[in-house]
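K.L.:
In UniProt numbering, the protein residues as written are 1 to 236.
1. For the alpha helix (DSSP H) containing residue 216, list its first residue and its last residue.
2. Taking only three categories from DSSP, how would you classify residue 236?
3. Just to confirm the assignment, what range does the beta strand (DSSP E) spanning residue 155 have?
4. In its own chain, which residues sit with a C-beta less than 7 Å from the C-beta of residue 181, not counting the 5 before and 5 after it?
5. What are the uninterrupted segments assigned as alpha helix (DSSP H) that are 4 or more residues long and contained completely in the region 9 to 85, given in chain order?
6. Label residue 125 either buried or exposed according to how many other C-beta atoms from any shown protein chain fall within 10 Å of its C-beta, with 16 as the threshold for buried.
7. Taking just the CA atoms, how far does residue 7 sit from residue 133?
8. How about the region 47 to 66 and the region 7 to 16: do they share at least three Cβ pairs that are nearer than 8 Å?
9. Which residues mark the beginning and the end of the beta strand (DSSP E) in which residue 201 is found?
10. Let's see if you can read the secondary structure: which residues bound the alpha helix (DSSP H) around residue 179?
11. Considering only residues of the same chain and omitting the five flanking positions on each side of residue 96, which have a CB-CB separation below 8 Å?
12. Among residues of its own chain, excluding the 5 on either side of residue 195, which ones have a beta-carbon nearer than 6 Å to its beta-carbon?
13. Measuring CA to CA, which of 183, 167 and 43 is closest to residue 219?
14. Residue 129: buried (16+ other C-beta within 10 angstroms of its C-beta) or exposed?
15. When DSSP labels each residue in this structure, what does residue 225 get in the three-state scheme?
16. Figure out for me which residue from 170, 150, 190 and 113 has the closest Cα to the Cα of residue 210.
17. Looking at the structure shown, is residue 103 part of a helix, part of a strand, or coil, going by DSSP?
18. In chain order, what residues of the same chain lie with their CB nearer than 7 Å to the CB of residue 229, ignoring the 5 residues before and after it?
19. Mind checking which residues open and close the alpha helix (DSSP H) that includes residue 172?
20. Is the beta carbon of residue 123 closer than 8 Å to that of residue 102?
21. From this set, 164, 111 and 99, which residue's C-alpha is nearest residue 20's C-alpha?
22. Starting from the C-beta of residue 186, find all residues in its chain whose C-beta is less than 8 Å away, skip the five residues before and the five after it, and write them out in chain order.
23. Among 69, 54, 212 and 91, which has the Cα closest to the Cα of residue 109?
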């Protein structure tokens with residue numbers, strides 16, 4: 001009995017400790033999913049893996065691991081937030097995913113592999129940050145040298161009350177388009193005592209992607225509050 005309890009306790013404690021270690025870095029940077037969340041994700045993944053090894057039948061650890069991967073995807077989506085043109089939380093969501101991998105490995109009995117993965121996750125989150133900042137400081141002209149860029153200008157006119165809704169639809173349509181949003185602005189229009197707003201967006205792309213832009217504008221034009229919608233493109 002004691003031996004069985006120890007066999008259960010060791011992987012669970014290791015998974016929780018390594019998850020907490022990974023989450024400590026997120027907590028230090030005051031991200032949404034911090035120490036406790038990563039520890040619980042890793043602990044939960046280890047628990048499911050252990051259960052699959054204890055139950056007789058077709059519940060193999062590899063199948064449970066696949067389900068854990070899918071489940072963490074929904075959990076990670078909860079920490080991704082969109083603020084204006086910026087998307088935050090992607091790195092934290094990816095860290096949660098990795099914490100689940102730690103738990104699966106610990107639960108399956110691969111203790112050393114779990115430790116190695118946790119170390120690599122910490123190194124990635126901590127050591128690559130200066131490199132990312134260095135790349136982000138690279139001048140735009142230098143990054144664009146030798147490439148042809150296309151600039152898209154999108155413009156819609158809508159009722160003032162629906163401005164926030166239409167801006168959100170615009171950002172949603174551009175989320176996975178591959179187009180780089182450079183500027184998003186709104187201008188109040190006063191015409192015949194009707195409060196309207198002109199929303200303009202400037203996008204950059206290394207390749208023309210007219211169908212995606214037309215799809216976004218077409219979707220916005222279906223809104224009852226939108227009175228006009230159009231786009232233009234030019235080569236830089």
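C-beta atoms are modelled at their ideal positions from N, C-alpha and C, and glycine is treated no differently.
P.N.:
Taking the geometry as given:
1. If you number the chain shown from 1, residue 216 lands on position 216. Residues 210 to 221.
2. Here residue 236 is taken as the residue at index 236 of the chain shown, counted from 1. Three-state result, residue 236: coil.
3. For this step, residue 155 is matched to residue 155 along the chain shown. Unbroken beta strand (DSSP E) run through residue 155: 150 to 159.
4. Within the chain shown, numbered from 1, the residue matching residue 181 stands at position 181. Around residue 181: 85, 174, 201 and 203.
5. 35 to 54 and 61 to 77
6. Here residue 125 refers to the residue found at position 125 of the chain shown. Classified as buried, residue 125 has 16 or more neighbouring CB atoms from the shown chains inside 10 Å of its CB.
7. If you number the chain shown from 1, residue 133 lands on position 133. If you number the chain shown from 1, residue 7 lands on position 7. Their backbone Cα atoms lie some 44 Å apart in a straight line.
8. At 8 Å Cβ cutoff, the stretches touch.
9. On the chain shown, residue 201 is found 201 positions in, with the first residue counted as 1. 194 to 205 is the span of the beta strand (DSSP E), which, as asked, contains residue 201.
10. Taking the chain shown and counting its residues from 1, the one referred to as residue 179 is at position 179. Neither: residue 179 is in no alpha helix (DSSP H) and is coded neither H nor E.
11. Numbered from 1 along the chain shown, position 96 holds the residue referred to as residue 96. Cβ within range, chain order: 33, 37, 38, 41, 72, 75, 76 and 79.
12. Locating residue 195 in the chain shown gives position 195, where the first residue counts as 1. For residue 195, where only same-chain residues beyond five positions count, the Cβ hits under 6 Å are 160.
13. The residue labelled residue 219 in the question sits at position 219 within the chain shown. Nearest option by C-alpha distance: 167.
14. Counting from one through the chain shown, the residue named residue 129 turns up at place 129. With fewer than 16 Cβ atoms within 10 Å of its Cβ, residue 129 is classed as exposed.
15. On the chain shown, residue 225 is found 225 positions in, with the first residue counted as 1. Reduced to three states, the DSSP call for residue 225 is coil.
16. Counting from 1 along the chain shown, the entry for residue 210 is found at position 210. Of the candidates 170, 150, 190 and 113, the one whose C-alpha sits nearest the C-alpha of residue 210 is 150.
17. For this step, residue 103 is matched to residue 103 along the chain shown. Helix at residue 103.
18. Locating residue 229 in the chain shown gives position 229, counting from the first residue. Cβ neighbours of residue 229 beyond the five flanking positions: 156, 217, 220 and 221.
19. Taking the first residue of the chain shown as 1, we reach residue 172 at position 172. Its alpha helix (DSSP H) spans residues 163 to 174.
20. Sequence index remark: in the chain shown, residue 102 carries index 102 (1-based). Sequence index remark: in the chain shown, residue 123 carries index 123 (1-based). Against a cut-off of 8 Å, the Cβ pair of residue 123 and residue 102 comes out as no contact.
21. As a working mapping, residue 20 is identified with position 20 in the chain shown. Nearest option by C-alpha distance: 99.
22. Taking the first residue of the chain shown as position 1, residue 186 is located at position 186. Around residue 186: 163, 167, 197, 198, 199 and 200.
23. As a working note, residue 109 is residue 109 in the chain shown. When each option's Cα is compared against that of residue 109, the closest is 54.
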